[in-house]
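S.K.: For any residue, its number in the numbering used here is found by taking its place in the sequence shown, counting from 1, and adding 50.
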Amino acid sequence: MIIATVSFRDGRLVESDPSDEISVLDIKRSLAYAFLYDYTVNVYSNNLIYRDVKVIAIKFNENGNLFFTGVFSHEKRVIKKSFSWREINYIDININKEPESYY
51 MIIATVSFRD GRLVESDPSD EISVLDIKRS LAYAFLYDYT VNVYSNNLIY
101 RDVKVIAIKF NENGNLFFTG VFSHEKRVIK KSFSWREINY IDININKEPE
151 SYY
């Protein structure tokens, strides 16, 4: 169950607002946070929104550009996709709590 959707802005974790601008550095922070704590992310690109993407790898090329690989469900299929920093307009983190952890 998702209990909050957050993102980094100016290096601080804040409530998510996809209409705001996000820097590449804050995208990197959001991906690292989601990867570290095993949360999913929502990726907003120019024309699509990828929801509940599990980050499985974060990479940088020789120029320092960001790429990451994630998996998500679409029409009962699990899809693996690589994302480039160029196609990401915004990213937010789904903070979730498993039902069994309530007890």
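All residues carry an ideal CB built from backbone N, CA and C; glycine is no exception. Note that the structure is predicted; figures quoted are calculated from it, not measured.
1. Shortest alpha-carbon distance to S73 belongs to which of I145, K131, N115 and H124?
2. Can you give me the Cβ contacts of Y83 inside the same chain, cut-off strictly under 8 angstroms, excluding the 5 residues immediately before and after it?
3. Could you tell me if N92 is buried or exposed, where buried requires 16 or more neighbouring beta carbons within 10 angstroms of its beta carbon?
4. Check for me: the alpha helix (DSSP H) holding I77 runs from which residue to which?
5. What is the rounded straight-line gap between the Cα of L81 and the Cα of F117?
6. What separation, rounded to the nearest whole angstrom, lies between the Cα atoms of S134 and I77?
7. Checking the sheet assignment: what are the DSSP bridge partners for K109?
8. Taking the beta carbon of G61 as the centre, do at least 16 other beta carbons fall within 10 Å, making it buried, or is it exposed?
9. Compute the distance between the beta-carbons of D102 and F85, then report whether it is under 8 angstroms.
10. Return yes when the Cβ of Y94 is within less than 8 angstroms of the Cβ of N139, no when it is not.
M.R.: If we stick to the structure as given:
1. Position 23 of the sequence shown, counting from 1, holds the residue named residue 73. Proximity to S73 across I145, K131, N115 and H124 peaks at N115, based on C-alpha coordinates.
2. The sequence position of residue 83 within the sequence shown is 33, counting from 1. Cβ neighbours of Y83 beyond the five flanking positions: F58, L63, Y89 and I143.
3. To locate residue 92, count along the sequence shown from 1; it is residue 42. N92 is buried by the Cβ-count criterion.
4. Position 27 of the sequence shown, counting from 1, holds the residue named residue 77. Counting along the chain, I77 sits inside the alpha helix (DSSP H) bounded by residues V74 to Y87.
5. Residue numbering aside, residue 81 sits at position 31 when the sequence shown is read from its first letter. Residue numbering aside, residue 117 sits at position 67 when the sequence shown is read from its first letter. Those two C-alpha atoms are separated by around 10 angstroms.
6. As a working note, residue 134 is residue 84 in the sequence shown. As a working note, residue 77 is residue 27 in the sequence shown. Rounded to whole angstroms, S134 to I77 spans 11 angstroms at the Cα level.
7. Within the sequence shown, the letter at position 59 stands for residue 109. Under DSSP, K109 shares a beta bridge with F117.
8. Taking the first residue of the sequence shown as position 1, residue 61 is located at position 11. G61 comes out exposed.
9. Along the sequence shown, one-based indexing puts residue 102 at 52. Along the sequence shown, one-based indexing puts residue 85 at 35. Judged by their CB atoms, D102 and F85 are not nearer to each other than the 8 angstroms cut-off.
10. Translated into positions along the sequence shown, residue 139 becomes position 89. Translated into positions along the sequence shown, residue 94 becomes position 44. Contact annotation: N139 and Y94 have beta-carbon atoms nearer than 8 angstroms.
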